[in-house]
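In what follows, a structure is listed as structure tokens, so that the remarks can point back to it.
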Amino acid sequence: MTDPITAAQTTADHHTLPTGRLTRYDGAAHIFLDDINGLVQWLDATGGYTTCRPAGPGVVLWTLITHTEPRGDGTATPILVHSLALACELVPDELTTAAA
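Read in order, the letters of the sequence shown are residues -3 to 96 in our numbering.
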């Protein structure tokens, strides 16, 4: 089984994507970015869909749910890319149109 951190880092390196803080949880890689525009880069490179949830007074958490490219055996590693934003902040259209 491929380590989620290694799989996500390989994907990031291959597409020159930002990684911020990278950790694993429940078989998935979680990437925490400090710039919401990094989510757009990940979305453009890997596809997936986004969610937006309250994260505190006036703050929301945007998450891109995606995965690595499928390996030879057909499996892929789930990757969740997260970024905080102000609730009143305009976000890139790509994120809202990819919302689940």
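We put the CB at the ideal spot given by N, CA and C, even for glycine.
Query raised in the report: Using the C-alpha atoms, what's the distance from A51 back to A83?
Result: 9 Å
Query raised in the report: Below 9 Å between beta carbons: does that hold for D40 and S79?
Result: no
Requested in this report: Would you kindly work out how many angstroms separate the C-alpha atoms of T47 and T92, rounded to a whole number?
Outcome: Whole-angstrom Cα-Cα distance: 9 Å.
Query raised in the report: Over what stretch of residues does the alpha helix (DSSP H) that includes A3 continue unbroken?
Result: 0 to 11
Query raised in the report: Whose C-alpha, out of H10, G16, P66, V55, is nearest the C-alpha of L35?
Result: Selection H10, G16, P66, V55 evaluated against L35 yields G16 as nearest (Cα-Cα).
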